[in-house]
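Following: one structure in structure tokens, then a few remarks.
4 protein chains.
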Amino acid sequence: MPLSSEQIAEIEAERAHTRATLRAVSEGMEKHLYTAHPVLDHGFVRVVDYMGDDAAICQAARVSYGKGTKSVQNDAGLIRYLMRHWHSTPFEMCEIKLHVKLPVFVARQWIRHRTANVNEYSARYSIMDREFYIPQPDALAAQSVVNNQGRGEALSGEEAERVLRWLREDCTRAYDHYEAMISQDGQQGLARELARMNLPANIYTQWYWKTDLHNLLHFLRLRADAHAQYEIRVYAEAMCKIVADWVPQTWAAFEDYRLGGAALSRSGLACIRRMIAGETVTEENCGMSKGEWREFRAMLDEA
Amino acid sequence: MPLSSEQIAEIEAERAHTRATLRAVSEGMEKHLYTAHPVLDHGFVRVVDYMGDDAAICQAARVSYGKGTKSVQNDAGLIRYLMRHWHSTPFEMCEIKLHVKLPVFVARQWIRHRTANVNEYSARYSIMDREFYIPQPDALAAQSVVNNQGRGEALSGEEAERVLRWLREDCTRAYDHYEAMISQDGQQGLARELARMNLPANIYTQWYWKTDLHNLLHFLRLRADAHAQYEIRVYAEAMCKIVADWVPQTWAAFEDYRLGGAALSRSGLACIRRMIAGETVTEENCGMSKGEWREFRAMLDEA
Amino acid sequence: MPLSSEQIAEIEAERAHTRATLRAVSEGMEKHLYTAHPVLDHGFVRVVDYMGDDAAICQAARVSYGKGTKSVQNDAGLIRYLMRHWHSTPFEMCEIKLHVKLPVFVARQWIRHRTANVNEYSARYSIMDREFYIPQPDALAAQSVVNNQGRGEALSGEEAERVLRWLREDCTRAYDHYEAMISQDGQQGLARELARMNLPANIYTQWYWKTDLHNLLHFLRLRADAHAQYEIRVYAEAMCKIVADWVPQTWAAFEDYRLGGAALSRSGLACIRRMIAGETVTEENCGMSKGEWREFRAMLDEA
Amino acid sequence: MPLSSEQIAEIEAERAHTRATLRAVSEGMEKHLYTAHPVLDHGFVRVVDYMGDDAAICQAARVSYGKGTKSVQNDAGLIRYLMRHWHSTPFEMCEIKLHVKLPVFVARQWIRHRTANVNEYSARYSIMDREFYIPQPDALAAQSVVNNQGRGEALSGEEAERVLRWLREDCTRAYDHYEAMISQDGQQGLARELARMNLPANIYTQWYWKTDLHNLLHFLRLRADAHAQYEIRVYAEAMCKIVADWVPQTWAAFEDYRLGGAALSRSGLACIRRMIAGETVTEENCGMSKGEWREFRAMLDEA
């Protein structure tokens, strides 16, 4: 269970206390505030704070004195225009602050997105909790045979059982020893900053993570993608739902121009012109490498 | 007059409309929201939005589930500790969004602080307003004779009058020609993106500027400093007052550890040890260059 | 003339002095070093230093101990793969340092690219040179009638003459007064940091600008684009030639996947599928807005 | 042994091949290029490339056409001035690229310095090596009893032996299972991106890390400090030696103004003034908290 009753009480206390503000408020986002959306077996994503809404993007784009809204329809058109033409600065005018609990190996991927503010739980000061990510059977995938970086089918039978047993046993033993090493009961007790080195990468950590909407969308484009590792993708998917409620017009434009769109190379564009003109373009006459052609065909064929 | 009655009406409309939120609210900041604090002859600083308060800094430092406040006294101590030990990440968890109107030559200094989001009024799309910064007589300073980068006393008499007359006449003429060049009345009309090149650096521009509290404090330390150019310092001073109301505990720690403090070099520290031990340290035996010694003495002598 | 004979001598002195190094060397780049490539009437771009080459990108991508090159062909394939899949970190491993002389209104656009290091000539310390950008007749364009942000045809006849006369006269007078104001001949002399405010935005400034290859390519994609303002585009075009000599394999991949490519929206992709299937897609049945459809058709029609 | 004979051969091949360049060369740095400086039991730091030298900093500060050097003495004075007045942009004009091998728990601290370019060895694509950090007996420290974040004395006797045995056994077993899980010998083989989660934080990873001199010095100030964790401090110390050879004038100024200096608070400065005036200042009358007073006394007492 990801949250203790004490933690749930703290969250409920926050949610019970409405305050008055003059700032822009996103009704869709207020309902998410503080609630822990569960991800994986012990993780979660919680919105701790946010700044701005769809109208605030338009207000900034127009450098206006008041709300900046002419009309909802007008705003939607402006947001689509900004998204289509890669005018990113107005989207940077919205900000989000999340509390995330996640396995260390996911945190190591996540942190590579540098344009964000981060405050992580310190394993130098504090004692880590005994919580580890153990994949569900259908997420226990084999190495892909076509893609060095990807996954194939789920493991089955004895192999699956053996892997799960090792994962469970090794983290249990590692944590038992971690606890025994830092114990000051009848011994000096190893420094926490050293003892943590015995803990495996599936242990959960947590952090406060704050970023602007432009960088968040960039994160989601890469991490909610089918090629992202499953364990970070589920966090990205939870965040997609939050963004859709927070800034619905921006989300709609993002879905159309980014998530649902595609990048064409010069060669790809040339092939499309030939295909529209009725020519039959094949791997042999396309002028692309084998890998590019495969990706190009997949893009055209996707439903 | 910096704001038109229409702009004032827009601002008042924003201030009239209170909304309910579950987020952290800073009462001290709410009273600043949207109000245009005048700076220089036509400029201003307005808070458009903010995220977080003193408690939010502690909440992030503790990576806590609820408010993170143990007690106000406790929080103040934690904030002082974080400031003293240069733990900057919790301060990055607060964010501010300002609407600023400022002369172009001030904007050019300001923009050098890169860790911020900016949306500037576009002189490619839009027509610039006829508003120019003309210094007050006491700000019309001579070049410093001791510091290549500084100012000396105010100009006086005919020289002052001549300078003011040139500043006024040149910007008036430049703007008249700007207007005449872009006019489409009986002519093609020069592109705005070209015509703007005729405008001098004392014309006012405006932007939305958003940054986190850590970077804001860094900006204020440099720009509210006595060595900063007067015309950017007055903006920094207006922002200092806003920050003091927004996050009073952080502001108190910042005043003690940064604004009112000093950086000692190894040589300076050695001199202080000798002086405390009763030795007479002079420019000759201090081991510093002439300039360093002058700055060192000034630091010790300041009230 | 952009450079004085003294400046040319300094540059030639640098170019005359070959040194031995163990670092990666790009032969194509060595020939550019220090040479001032003229841009506009008084501006230039000079390569002051660089780090890395195509092989260094592969070396970083493979985190290798030696050169990282398997074969030239192998490297070209890896670079194309990295570019196609938006793996940007290996491209960040190359760095360039430029000395650029450019009009202030161009510098104001340029500086918005934040991920770069900049050292600008200081008008607080130093006296600005009397050099201003005056457009060539064919660059003296009217405001576009279809695009609020763009240019139309060149001005002609008396209107063109009048504009050029104003541009020339206004900057001459502004500079005369600038000089007279800072003069300490028989008067106190206005502080330089104040006097500069009288100078128009077509005055030339200069800076050292340093960035990594990934961010440079992003800059070039936006600023070498047909929609960029002409006066910054010519700088971008000069830099494109430099990059093509510096990292030829990266440049080829960049041309194919970025400059010559296109971004499709979900709606655009759907239309292409229908068109390939033989359907007639029109503005009426495309499901896009008028502006999107125009841009979509332009993309398909470009030679 | 940190490097295989094949890796040493690759490094020697790089070092054997001198090339001609027109760029600035730092003789002190050339001797470090590619050589792996050992750190901890299996780690190292290697300079892969660098840009600039002391003269390049002055050249940028002066935005000069040639070398920018007036004289070596002149340059040293300028560099001291820039360092003393926190003018950081000229130091950003130098760049370094390192290849570092380091334990994962050190990498997790290191990566928090965001202004850097990083390419890490991918455990999604590749198989991790069987190399783990095991502390030397004198680095096997107990938790500090005065500082929640620090270390006390070294563990001794049976406790030390037990800790070392657990560290060794747990990583050996974890790696055995990692290997067995990804094996495709008679089984499907778990995806590498999943199997890595079983590996503890003392396993070694490696990356290419590139940053500018200003940010590097900031990193060194924090991480070469006595309060930094020992395991990252030894990396910082190895880098300090490299920087001292690369840019000796900058290093000397950095030692004087940063490493050997101190930051005084307003209260600390007030105490110093009183102490110089002959007053006896104690914990009781100093106006500081207990912790601040302890740190203040330590600063004054350090040799």
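Residue numbers (this note's numbering), protein chains in the order written: chain P, 772 to 1074; chain G, 772 to 1074; chain B, 772 to 1074; chain H, 772 to 1074. Ideal Cβ placement from N, Cα and C applies to all residues, glycine included.
Nearest-angstrom Cα separation, counted from G:Leu869 out to B:Thr1053: Cα-Cα distance, rounded: 45 Å.
Counting contacts by CB-CB distance shorter than 9 Å, is P:Asp824 in contact with chain B? Residue contact check for P:Asp824 against chain B: no CB pair falls below 9 Å.
Mind checking the region 1031-1048 of chain P against chain B and listing, in chain order, the residues whose C-beta falls within less than 8 Å of any C-beta there? Listed in sequence order: Gly1031, Gly1032, Ala1033, Ala1034, Leu1035, Ser1036, Arg1037, Ser1038, Gly1039, Leu1040, Ile1043, Arg1044, Met1046, Ile1047.
Smallest Cα separation from G:Leu926: which of B:Gly957, B:Arg933, B:Ser893, B:Ala1015? Minimum Cα distance to G:Leu926 is reached at B:Gly957.
Alpha-carbon to alpha-carbon, P:Arg1037 and P:Ser915: Near 30 Å, if we compare the C-alpha coordinates of P:Arg1037 and P:Ser915.
So if DSSP puts B:Val818 in a beta bridge, which residue, or which two residues, is it bridged to? DSSP output for B:Val818 lists B:Leu804, B:Leu869 as bridge partner(s).
Same chain, Cβ closer than 7 Å to G:Cys1011, five either side skipped, listed in chain order: Leu991, Ala995, listed in sequence order.
In terms of alpha-carbon separation, which member of G:Arg1044, G:Glu1008, G:Ala831 lies closest to G:Ser859? Its Cα nearest to that of G:Ser859, the residue G:Ala831 stands out among G:Arg1044, G:Glu1008, G:Ala831.
Cβ shell of P:Ala1015 (< 7 Å), same chain only, five flanking positions each side left out: Excluding the 5 residues flanking it on each side, P:Ala1015 has same chain C-beta neighbours closer than 7 Å at Trp1022, in chain order.
Would you list the residues sitting across from G:Leu1035 in a DSSP beta bridge? Answer by DSSP bridge pairing, in chain order: H:Ala1033.
CB-CB under 6 Å to H:Ile1043, same chain, minus the five flanking residues each way: which ones, in chain order? Short of 6 Å from the beta carbon of H:Ile1043, and not among the five residues preceding or following it, lies no beta carbon of its own chain.
Check whether the region 897-904 of chain B touches the region 973-981 of chain B, taking contact to mean three or more Cβ pairs, one atom from each stretch, closer than 8 Å. Because the criterion of three Cβ pairs below 8 Å is met, the region 897-904 of chain B and the region 973-981 of chain B touch.
Presumed contact (8 Å Cβ cut-off) between B:Leu873 and B:Tyr1001, rounded CB distance: Contact flag wrong, Cβ pair sits at about 13 Å.
Helix, strand or coil, according to DSSP, for P:Trp980 in the structure here? Residue state for P:Trp980 is assigned as strand, using DSSP reduced to three classes.
So the candidates are P:Gln920, P:Leu993, P:Ala913; which of them puts its Cα closest to the Cα of P:Arg883? Looking at the Cα atoms, P:Leu993 is the closest of the given residues.
Contacts that H:Asp941 makes with chain P (C-beta to C-beta distance below 8 Å): Ordered by position in chain P, the residues that pass the 8 Å Cβ test against H:Asp941 are Asp941, Arg944, Ala945, His948, Asn969.
Classify P:Ile782 as buried or exposed, calling it buried when 16 or more other Cβ atoms lie within 10 Å of its own Cβ. That one is buried.
Check distances from the C-beta atoms of the region 772-786 of chain H to those of chain B and list, in chain order, the residues that come in under 7 Å. Answer in chain order: Gln778, Glu781, Ile782, Ala784, Glu785, Arg786.
Give me the chain P residues within the contact set of G:Trp1017, using Cβ-Cβ distance strictly less than 8 Å, ordered along the chain. None at all; the shortest Cβ gap to chain P is about 13 Å.
G:Val917 classed as buried or exposed, judged by whether at least 16 other C-beta atoms fall within 10 angstroms: Its Cβ having fewer than 16 others within 10 Å, G:Val917 is exposed.
What separation, rounded to the nearest whole angstrom, lies between the Cα atoms of B:Lys838 and H:Ala787? Rounded to the nearest whole angstrom, the C-alpha separation of B:Lys838 and H:Ala787 is 12 Å.
How big is the Cα-Cα spacing for H:Met822 and H:Tyr805? Each residue's Cα considered, the two are about 15 Å apart.
Opening and closing residue of the beta strand (DSSP E) in which P:Arg936 lies: It is not in any beta strand (DSSP E) - P:Arg936 instead sits in the alpha helix (DSSP H) that spans 928-953.
So, is G:Trp937 buried or exposed, given that buried needs 16 or more other C-beta atoms within 10 angstroms? G:Trp937 should be labelled buried.
P:Pro908: contacting residues in chain H (beta-carbon distance under 7 Å): Contact note: P:Pro908 does not reach chain H at a C-beta cutoff of 7 Å; the least C-beta distance is about 12 Å.
Below 7 Å on C-beta distance, what does B:Tyr836 contact in chain H? Near B:Tyr836 (Cβ distances below 7 Å), the residues of chain H are Gln778, Glu781, Ile782.
Beta carbon of P:Asn969, beta carbon of H:Asp941: below 9 Å? Contact flag set, yes.
Rounded to whole angstroms, what's the CA-CA distance from P:Ala999 to P:Val877? Just pull it up for me. Answer to the nearest angstrom: the Cα atoms are 11 Å apart.
Rounded to whole angstroms, what's the CA-CA distance from H:Gly814 to H:Gln880? Just pull it up for me. When rounded, the distance between both Cα atoms is 16 Å.
Applying a beta-carbon distance threshold of less than 8 Å, which residues of chain H neighbour B:Val796? In chain order: Arg790, Ala791, Thr792.
Can you round the beta-carbon distance between H:Ala827 and H:Cys865 to whole angstroms, since I take them to be within the 8 Å contact cut? Sure, about 6 Å apart at Cβ, within 8 Å.
Cβ of H:Asn890 less than 9 Å from any chain B Cβ? The Cβ of H:Asn890 sits closer than 9 Å to at least one Cβ of chain B.
Considering only C-alpha positions, which residue in the set B:Ile898, B:Ala784, B:Gln1020, B:Leu988 is nearest to B:Tyr852? Of the listed residues, the one whose Cα sits closest to B:Tyr852 is B:Gln1020.
Hey, quick one: how far does the alpha helix (DSSP H) through B:Glu1054 stretch, first residue to last? Element bounds for B:Glu1054: n/a, residue is neither H nor E.
Please report how far the alpha carbon of B:Met797 lies from the alpha carbon of H:Met800, in whole angstroms. Sequence inspection shows Ser at residue 797 of chain B; the Met mentioned does not correspond to that position. Spanning the two alpha carbons is a distance of roughly 19 Å.
Span separating the alpha-carbon of P:Gln955 from that of G:Glu1026: Taking the Cα positions, P:Gln955 is about 40 Å away from G:Glu1026.
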